[in-house]
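Residue numbers (my numbering): 1 to 520. Below is one structure, written out as structure tokens; comments come after it.
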Amino acid sequence: MINRRDLMLGALAGAGAFGFGRVNPDFLVSSAFAAEGRPLRFLGAEALTGNWDPTTHTNLGQLIVEGFVFGYLTRAPMKPDNPEELVFELAESLKPIDTYTLEVKLRKGVKFHDGTPFTSADVKATYEYGSQPDRPAQWYPGQVKVDIVDEHTCHINTKDYGYPAALYYYLSSFLPIMAAKDVANKAQLSARMNGTGPFKYVDQKGDTTILAANTDFIFGAPKIPGVEYHFVGDTTTRTLSLLNGQADIIERLEQEQVDTIAKDDRFAIHKAVSVENKYLFFRCSKKPFDDPRIRLAACHSIDRKQILEILGVSGTFSKAHISPVKFGYTEVADYPEYDPDKAQALLAEAGFPKGEGLPELTYYSSVGFYPKTKEYAELITGMLEEQGFKVNLQTLEVAAWGNLLYDKPGGGEGNMIDCGWCTGSPEPDLVIRTHFHSSSKRITGIVDKEIDAVLDKERNAASIEERKKILQTETLPTIARKAPALALFTSVFIHAYSKKLDGLYIYPNGMQDMSKANLA
């Protein structure tokens, strides 16, 4: 017997240990080519916000640009075989003093792009500002104080806020360091990026962000004269631009584009298991998804293996609410899998046998940014409808979808929305605390005391080993059982680039290190 889901799928186919020791900073590939003397042209899949304050957004495209301009205490390569590795950048060492104190020794001789020397005062301003609960990019586990010991030594201090300072070990690779004088002048902070990184902000012209090489970069001047980030929202257009020589590197490719580019020996393909899971978020603060039984019924209605068939090279299996390159990842034994019988039993138990009496559910998905969203959203819609859910799918261009993404008083728009969450650090709380703790409840609106308790417990663990154990045996299983969202898969980030480009490193969140790159 062929059901509606099979017909839809056929149609679509036709279409570590917590170490504080120093690690090697020279993990990038050395270049063997001479620079051509022109800026590198990168075509990104997401428009930028126009506000250059790093604490005002959760925009991945902007995080990528910030990675060129700002410096970080550390960088996290997040390789699957060693996801907990850190590479020291503006920091020379991180050392725990006690439960609530993390000592940071800073690199000397670093300057911001405007010539201001980098000191402990900048770390203090960045961390104390970025951890404020009113910041739109409220990624962090709580507020923090930074005590200045001397110009190049400071202490990250969490005692007043009641959680361990060790959480900032992995967050050290995520917070871009801002100049203290810019943090004190919010208009300046918003108007222009001023970092310590290999490239300087020059201008914003429409959808193009222009950066120039920082000749005073602490690790040596970049070999390419600059980077241009061009927002191009259509995957096919990005591909054609690469093939026609109008771009040097492009991102967020789908199977068809990969197949086309791979046939052309002028280009290379880079694939990496990413730090991003793609989620179907439920609006938990309003009916019917305020009931975890309805959420689980929806989860058990979705065959994630068929979604992966649609995605091809762009996705890989995940069995937790964090990516396999996050600290503490484990396959959760009772992660909700496709099981129509369980779905029906849960619907009946909740008072909606075969979905009878459920309201029509609005499901929002985007097009143009994430690979195959329209196709797999249609598949998910069909799967849900097979189990009795009535679903109104609305696929929107990225800006309209982004405007509907977040929770608001009374509940976010619609009943379901799919979204990825990609952060440049192995720290798991950047995902699970951000989305599932009632202090943030970013997209779901979830308020659940049991989830709060297990998130607080792992955050407050006395040691990193204990924290990992709690994450794996309590926190992740509880989130899976309460299902405020379903992690559909882990994204595989695919970039294509000219073989004339050499010496780059692409992080698992899509950020790139071009400091050693050349264009032949």
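The beta-carbon is built from N, C-alpha and C at its ideal position, and this holds for glycine as well.
Which of helix, strand or coil does DSSP assign to residue i?
| i | result |
| --- | --- |
| Phe68 | helix |
| Lys372 | coil |
| Asn518 | strand |
| Cys154 | strand |
| Glu385 | helix |
| Gln132 | coil |
| Ser439 | coil |
| Val398 | helix |
| Tyr524 | The structure shown has nothing for residue 524, since the chain only spans 1 to 520. |
| Lys186 | helix |
| Ser120 | helix |
| Pro25 | Because Pro25 sits at a pLDDT of 30, beneath the cut-off of 50, its placement in the model cannot be relied upon, and the following sentence gives the value as read from the coordinates. Residue state, collapsed to three classes: coil. |
| Asp203 | strand |
| Asp81 | coil |
| Leu488 | strand |
| Ala47 | coil |
| Arg75 | strand |
| Lys469 | helix |
| Ala179 | coil |
| Arg433 | helix |
| Pro508 | coil |
| Asn214 | coil |
| Leu60 | helix |
| Tyr169 | helix |
| Thr423 | coil |
| Glu458 | helix |
Figure out for me which residue from the options has the closest Cα to the Cα of residue i.
| i | options | result |
| --- | --- | --- |
| Ser515 | Ala213, Tyr163 and Leu90 | Ala213 |
| Glu228 | Asp418, Val313, Gly44 and Arg459 | Gly44 |
| Phe231 | Thr116, Cys299, Lys181 and Arg41 | Arg41 |
| Phe112 | Val332, Ala462, Met193 and Ala399 | Met193 |
| Gln62 | Gly445, Gly424 and Glu474 | Gly424 |
| Leu308 | Tyr161, Leu240 and Asn277 | Asn277 |
| Glu254 | Thr362, Ala320, Thr208 and Glu375 | Glu375 |
| Leu86 | Lys500, Tyr168, Tyr363 and Glu413 | Tyr168 |
| Tyr100 | Ala91, Val123, Gly142 and Pro80 | Gly142 |
| Lys205 | Ala47, Ala179, Ala345 and Ser491 | Ala47 |
| His321 | Lys457, Asp456 and Val431 | Val431 |
| Glu256 | Ala247, Arg238 and Pro164 | Arg238 |
| Gln246 | Ala487, Arg38, Pro477 and Lys449 | Arg38 |
| Glu66 | Thr490, Ile249, Lys200 and Pro426 | Lys200 |
| Lys445 | Gly162, Pro96, Lys286 and Leu94 | The sequence as given places Gly at residue 445; Lys does not occur at that position. Among Gly162, Pro96, Lys286 and Leu94, the Cα nearest to that of Gly445 is on Lys286. |
| Glu89 | Pro96, Asn82, Ser173 and Ile417 | Ser173 |
| Asp429 | Pro80, His152, Tyr163 and Val492 | Tyr163 |
| Ala453 | Arg433, Val202, Glu465 and Ala462 | Arg433 |
| Tyr127 | Thr116, Pro117, Ile148 and Val110 | Ile148 |
| Ala187 | Ile479, Thr56 and Pro96 | Thr56 |
| Pro409 | Asp203, Cys284 and Lys449 | Cys284 |
| Ile218 | Gly195, Ser440, Tyr505 and Met383 | Gly195 |
| Gly503 | Asn518, Leu280 and Ala180 | Asn518 |
| Asp53 | Gly109, Ala179 and Gly368 | Ala179 |
| Asp290 | Ile64, Pro80 and Asp448 | Asp448 |
| Ile224 | Glu356, Ala125, Asp248 and Pro96 | Asp248 |
| Ala487 | Tyr161, Ala137 and Lys305 | Lys305 |
| Pro83 | Asp207, Ser440 and Ser323 | Ser323 |
| Lys500 | Lys263, Ala268, Ala462 and Ala137 | Ala268 |
Just checking my contact of residue i with residue j at CB under 8 Å: how many whole Å lie between their CB atoms?
| i | j | result |
| --- | --- | --- |
| Tyr140 | Leu106 | Not really, about 20 Å apart at Cβ, beyond 8 Å. |
| Ile156 | Leu189 | With 8 Å as the limit, Ile156 and Leu189 do not qualify as a contact, their Cβ atoms being about 21 Å apart. |
| Val332 | Ser366 | That belief does not hold up - the Cβ atoms of Val332 and Ser366 are roughly 27 Å apart, past 8 Å. |
| Tyr364 | Gln394 | 5 Å |
| Pro210 | Gly71 | Residue 210 is actually Ile in this sequence, not Pro. With 8 Å as the limit, Ile210 and Gly71 do not qualify as a contact, their Cβ atoms being about 20 Å apart. |
| His437 | Ile443 | Wrong, their Cβ atoms sit about 12 Å apart, outside the cutoff. |
| Val123 | Thr316 | 36 Å between Cβ atoms; not a contact. |
| Ile451 | Thr490 | Actually they are not in contact, since the Cβ atoms of Ile451 and Thr490 sit about 22 Å apart, beyond 8 Å. |
For a cutoff of 7 Å on Cβ pairs, would you count residue i as touching chain C?
| i | result |
| --- | --- |
| Asp339 | No chain C appears in this structure, which consists of one protein chain only. |
Shorter than 6 Å, the distance from the beta carbon of residue i to the closest heavy atom of the ligand MN, or not?
| i | result |
| --- | --- |
| Glu466 | Absence of the ligand MN from the depicted structure is noted, as is the absence of any ligand whatsoever, leaving it without description. |
*asked:* Does the structure place the segment 291–306 close enough to the segment 339–350 that three or more beta carbon pairs sit under 8 Å?
replied: yes
*What runs of the alpha helix (DSSP H), each 4 residues or longer, lie entirely inside the segment 217–268?*
235–243 and 255–262
_Give the list of continuous alpha helix (DSSP H) stretches no shorter than 4 residues that lie fully inside the segment 279–314._
292–300 and 304–311
_Using a Cβ distance threshold of 8 Å, determine whether the segment 378–394 contacts the segment 125–132, with at least three qualifying pairs required._
Output reads no: the segment 125–132 does not touch the segment 378–394.
*Would you check if the segment 314–333 and the segment 458–474 touch, i.e. whether three or more CB-CB distances between them fall below 8 Å?*
Verdict: yes, contact present.
*Per the contact definition of three or more C-beta pairs closer than 8 Å, is the segment 495–510 in contact with the segment 346–353?*
no
*Touching or not, the segment 395–413 and the segment 73–80, by the rule of three or more beta carbon pairs under 8 Å?*
no
_the segment 454–461 in contact with the segment 285–297 per 3-pair CB rule at 8 Å_ = no
*Taking one C-beta from the segment 499–513 and one from the segment 264–279 each time, how about it: are there three or more such pairs within less than 8 Å?*
yes
*Which runs of the alpha helix (DSSP H) spanning at least 4 residues fall entirely within the segment 312–380, listed in chain order?*
340–349
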